[in-house]
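This report refers to the structure that appears directly beneath it.
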Amino acid sequence: MSEEMRTEIKLLKNITDNLQDSLIDLIINESEQRILSRINLYRNQKLPALPDGLEWIVRDVSIKRFNRLNAEGTKKHSEEGLSFDWESYLNEYEDILVSFNDTKPVDKSRSGVIRMW
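All residue numbers for the sequence shown refer to this note's numbering, where the first residue is 1 and numbers rise by one.
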């Protein structure tokens, strides 16, 4: 998947040479690991590899990671009315990633309440 993924990313980023191929491969591998880690977060049986059909998420996340190069310390970026929060770049895929859980889904929208009598 990596060579095809690299070709797609280079096409989307308008990269025509091979100078950044190793960097793009590293970003793809890191993105795969981050996504797999998120999927396995709430699983009892950890998956050893990404499930089929998530290539588009790997590509999207890899492009976001590539765009973030040289801005690793930045938490948020805003330009001409557009804003991006680097801390939550996997959150937009959360519903899809959670669907691979083998445990009871976690409802993140509910906050806990403690009552003491």
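Note that the Cβ used here is the ideal one computed from N, Cα and C, for glycine as well.
Task: Range covered by the alpha helix (DSSP H) that runs through T7 - done: Against the sequence shown, residue 7 aligns to sequence position 7. Where T7 is concerned, the enclosing alpha helix (DSSP H) stretches over S2 to L12.
- [ ] Evaluate the contact criterion for the region 12-21 versus the region 45-52: three or more CB pairs, one atom per stretch, below 8 Å.
- [x] The region 12-21 is not in contact with the region 45-52.
- [ ] With DSSP as the reference, label L97 as helix, strand or coil.
- [x] Position 97 of the sequence shown, counted from the start, is the residue given in the question as residue 97. In this structure, L97 counts as helix in the three-state DSSP scheme.
Open item on the list: Let's test the definition: count the other Cβ atoms within 10 Å of the Cβ of E92 and tell me whether it reaches 16, buried, or not, exposed.
Closed with: Looking up residue 92 in the sequence shown gives position 92. Around the CB of E92, fewer than 16 other CB atoms lie within 10 Å, so the residue is classed as exposed.
Task: Helix, strand or coil at I57 [DSSP, three-state] - done: As a first step, residue 57 must be located in the sequence shown, where it is residue number 57. Residue state, collapsed to three classes: helix.
Open item on the list: Looking only at its chain, what residues have a beta carbon closer than 8 Å to the beta carbon of K13, apart from the 5 residues adjacent to it on each side?
Closed with: Here residue 13 refers to the residue found at position 13 of the sequence shown. Hits under 8 Å: I63 and F66.
Task: Exposed unless 16 or more other CB atoms sit within 10 angstroms - verdict on E32 - done: Taking the first residue of the sequence shown as 1, we reach residue 32 at position 32. In this structure E32 is buried. Its beta-carbon is surrounded by 16 or more other beta-carbon atoms within 10 angstroms.
Open item on the list: My output table needs one value for N44: the three-state DSSP class, helix, strand or coil.
Closed with: As a working note, residue 44 is residue 44 in the sequence shown. Note: N44 maps to coil in three-state DSSP.
- [ ] Since I believe L47 is in contact with I139 (beta carbons under 8 Å), could you give me their beta-carbon distance rounded to a whole number of angstroms?
- [x] This structure gives no information on residue 139, because the portion of the chain shown stretches from 1 to 117.
Task: Rounded straight-line distance, which links the Cα of T103 to that of L26 - done: What you label residue 26 is simply residue 26 of the sequence shown in a count that begins at 1. What you label residue 103 is simply residue 103 of the sequence shown in a count that begins at 1. Those two C-alpha atoms are separated by around 31 Å.
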